[in-house]
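One line per chain: the protein sequences are A and B, in this order. Position one of the first sequence corresponds to residue 1 (UniProt numbering), numbered consecutively onward. Position one of the second sequence corresponds to residue 1 (UniProt numbering), numbered consecutively onward.
Protein chains: 2
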Amino acid sequence: MGKRKENSTNMLNENYITESCNLTYAVCKIGGRWKLLILCKLENGKLRFSELRNQIKGITERMLTLQLRELEKEGLIKRTVYAEVPPRVDYELTEIAKELVPIWNQLSNWGAKHKEILLSSVSSSI
Amino acid sequence: MGKRKENSTNMLNENYITESCNLTYAVCKIGGRWKLLILCKLENGKLRFSELRNQIKGITERMLTLQLRELEKEGLIKRTVYAEVPPRVDYELTEIAKELVPIWNQLSNWGAKHKEILLSSVSSSI
DNA sequence: TATGGTACTAACAAATTTGTAAGTAATGGG
DNA sequence: CCCATTACTTACAAATTTGTTAGTACCATA
């Protein structure tokens with residue numbers, strides 16, 4: 001998000017992991033704090049910057065910008081700027097991002113199930 | 001991983017996001033640096049602490065311990081301690097974690113495809 | 001001339017994650 | 001008693017991510 005150091009152990013490890021494990025690679029692509037929420041909002045079509053900001057409670061303009069930029073760089077969203085004043089910019093999913101949709105639906109179901117299990121195991125251990 | 005502050009904006013945001021989006025919730029469960037790699041190693045059965053350490057290049061004992069502890073707390077792995085000296089401990093996937101396997105296979109395929117697309121778009125833009 | 005709306009950017013600070021280096025406990029074998 | 005082995009812990013430091021606050025540019029409208 002800011003610049004990263006070039007040869008920190010941290011970064012070398014990340015490179016190694018994402019190169020040797022496509023799964024880790026995939027999860028890293030969608031792994032920023034707000035990225036999945038943004039992608040979900042875009043599932044039904046284009047949205048403007050301000051629409052995203054208003055639909056995502058708690059996100060700051062800076063964070064929204066950062067995450068959008070990364071998603072764009074990674075080819076998951078397409079950014080369109082209209083030559084108007086005041087500015088208008090919209091964002092939409094790319095094809096490769098749309099291919100994620102069925103997968104993330106399953107993952108979302110898994111998450112819901114996991115959440116329940118964890119809750120019931122916590123309450124039963126009281 | 002270390003303790004977290006109780007009411008930082010950061011933490012409040014995370015709580016809000018994972019509560020309102022099961023997908024984000026799910027990804028957070030598997031979102032530490034080494035977690036997916038660990039889970040993948042366990043896909044074929046139990047492994048001891050030292051086996052994991054040896055199979056995962058670059059991980060330190062501290063990181064391995066931390067990630068294993070979190071995975072355990074989240075109910076994704078089961079830890080078994082044998083009353084021996086020197087100690088023997090092994091780790092295995094839980095049922096709910098095994099349910100992730102088909103999903104992560106798809107995600108892994110997606111990752112491989114995405115990697116190719118990104119590479120070709122980078123090289124074509126030179 | 002001042003104001004407003006939109007989509008940002010910049011400088012900085014705080015929080016969180018990750019890595020380094022060293023140490024611990026328990027016990028069997030020499 | 002001393003050492004080796006295994007699975008950790010602890011204290012600390014570095015790196016990275018996230019959040020705060022205050023701007024910016026543009027032009028239309030009042």
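Where a beta carbon is used, it is the ideal one built from N, C-alpha and C, also for glycine. Quick caveat: nothing in here was measured; it's all calculated off a predicted structure.
Open item on the list: Here's a check: name, in chain order, each residue in its chain whose Cβ is nearer than 6 angstroms to the Cβ of B:T24, leaving out the five neighbours to either side.
Closed with: The beta carbon of B:T24 lies closer than 6 angstroms to those of I17, T18 in the same chain, with the five residues before and after it left out.
Open item on the list: Quick check: B:L37 and B:Y91, are their CB atoms within less than 8 angstroms of each other?
Closed with: No; because the gap between Cβ atoms is not below 8 angstroms, this pair is not in contact.
Open item on the list: Just to confirm, is the Cβ distance from B:R53 to B:E61 under 8 angstroms?
Closed with: Between B:R53 and B:E61, the C-beta spacing is below 8 angstroms.
- [ ] Tell me, please, whether the CB atom of A:K78 is closer than 8 angstroms to any CB atom in chain B?
- [x] A:K78 does not count as touching chain B.
Open item on the list: Could you compute how far the alpha carbon of B:E95 sits from the alpha carbon of B:E6?
Closed with: B:E95 and B:E6: Cα-Cα distance of roughly 31 angstroms.
- [ ] Pull up the DSSP beta-bridge partners for A:Y16, would you.
- [x] According to DSSP, A:Y16 bridges with nothing at all.
Open item on the list: Within 8 angstroms of any Cβ in chain A, is that where the Cβ of B:S120 sits?
Closed with: Not an interface residue.
Task: Cβ separation of B:I56 and B:K41, assumed to be a contact under 8 angstroms, to the nearest whole Å - done: About 7 angstroms separates the CB atoms of B:I56 and B:K41; that is less than 8 angstroms, so the two are in contact.
Open item on the list: Quick check on the burial criterion: 16 or more other C-beta atoms within 10 angstroms. Buried or exposed for A:K73?
Closed with: Label assigned to A:K73: exposed.
Task: For B:L76, the nearest candidate out of B:V85, B:R33, B:K98 (CA to CA) - done: Ranking B:V85, B:R33, B:K98 by CA distance to the CA of B:L76 puts B:K98 first.
Open item on the list: Can you confirm whether B:K98, when its beta carbon is compared against all beta carbons of chain A, has any partner nearer than 8 angstroms?
Closed with: At a cut-off of 8 angstroms between beta carbons, B:K98 makes no contact with chain A.
Task: Under 7 angstroms by beta carbon: chain B residues contacting A:V101 - done: The contacting residues do not exist; A:V101 stays about 10 angstroms from chain B at best.
- [ ] Go ahead and pull the three-state DSSP assignment for B:R48.
- [x] If DSSP states are grouped into helix, strand and coil, B:R48 belongs with the strands.
Open item on the list: In the DSSP assignment, the alpha helix (DSSP H) including A:E72 goes from what residue to what residue?
Closed with: Here the alpha helix (DSSP H) through A:E72 covers 61–73.
Open item on the list: Could you compute how far the alpha carbon of A:R33 sits from the alpha carbon of A:V27?
Closed with: If you take the alpha carbons of A:R33 and A:V27, they lie about 12 angstroms apart.
Open item on the list: Taking only three categories from DSSP, how would you classify B:V27?
Closed with: In this structure, B:V27 counts as helix in the three-state DSSP scheme.
Task: Beta-bridge pairing of B:T80 - partner residues as DSSP gives them - done: Partner residues in the beta bridge of B:T80, as assigned by DSSP, are B:D90.
- [ ] Write down the C-beta distance between B:K29 and A:H114 rounded to the nearest angstrom, noting that I regard them as a contact closer than 8 angstroms.
- [x] Their Cβ separation, rounded to whole angstroms, is 7 angstroms, which keeps B:K29 and A:H114 in contact under 8 angstroms.
Task: Own chain partners of A:I59 with C-beta closer than 7 angstroms, once the 5 adjacent residues on each side are dropped - done: Contacts found: W34, R53.
- [ ] Using a threshold of 8 angstroms, state whether the C-beta atoms of B:W110 and A:I103 are closer than that.
- [x] It is a contact, given that the beta carbons lie within the stated cut-off.
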